[in-house]
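So the structure is just underneath, and the comments pick up after that.
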Amino acid sequence: MSSRLVNRNVTANRGRTSMRLEPELWDALHEICERERLSLGEVVRRIEKRGHPGGRTSAVRVHVLEYFRAAATELGHRSAGHGAQPTAPQLSNGMNGGGIGDAQPVAVAAVASGPV
9 MSSRLVNRNV
19 TANRGRTSMR
29 LEPELWDALH
39 EICERERLSL
49 GEVVRRIEKR
59 GHPGGRTSAV
69 RVHVLEYFRA
79 AATELGHRSA
89 GHGAQPTAPQ
99 LSNGMNGGGI
109 GDAQPVAVAA
119 VASGPV
């Protein structure tokens, strides 16, 4: 069985190198570049500068995850139809049952390293 990983060349801190990522991660990385108005090389250089014990490719995967997790909000999830739960029945004391759909919006903290 062949790998789904896509190999691409990137110019990073130590010059030109290649990275192998899933196509979906390449798409997400390019979306980050567009949103931040940065080149792919600049995004990768900033990720490398932060350091990551697992190496460059692992650092890029973690960064993509952190970027979109930091951007996820309750409003965004509702707008996209994620996690839609039916309204919980009212208990006799007038309080909701405390199910997943009853969670209050939570403020999303910025990624500690700042925007890329």
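Sequential numbering from 9 applies to the sequence shown in the working numbering. From the three backbone atoms N, C-alpha and C, an ideal C-beta is built for every residue, glycine too.
| query | result |
| --- | --- |
| Applying the criterion that 16 or more other CB atoms from any shown protein chain within 10 Å of the CB defines a buried residue, is V72 buried or exposed? | buried |
| So V52 and V18 are supposed to be a Cβ contact under 8 Å. How far apart are they, rounded? | 5 Å |
| With DSSP as the reference, label R22 as helix, strand or coil. | coil |
| So what's L13 in DSSP terms, helix, strand or just coil? | coil |
| Once you ignore the five residues that flank M103 on each side, which residues in its own chain have a CB closer than 7 Å to its CB? | Residue placement at M103 cannot be trusted, given a pLDDT of 42 that sits under 50; the coordinates are not used to answer. |
| Helix, strand or coil for L46 per DSSP? | coil |
| When you compare only the Cα positions, how much space is there between A67 and R77? | 15 Å |
| Determine the direct distance from the alpha carbon of Y75 to that of L99, and round the result to whole angstroms. | Caution is warranted here: a pLDDT of 48 is assigned to L99, below 50, making its placement in the model unreliable, and no coordinate value can be reported. |
| Alpha carbon to alpha carbon, what distance is there between T65 and S10? | 19 Å |
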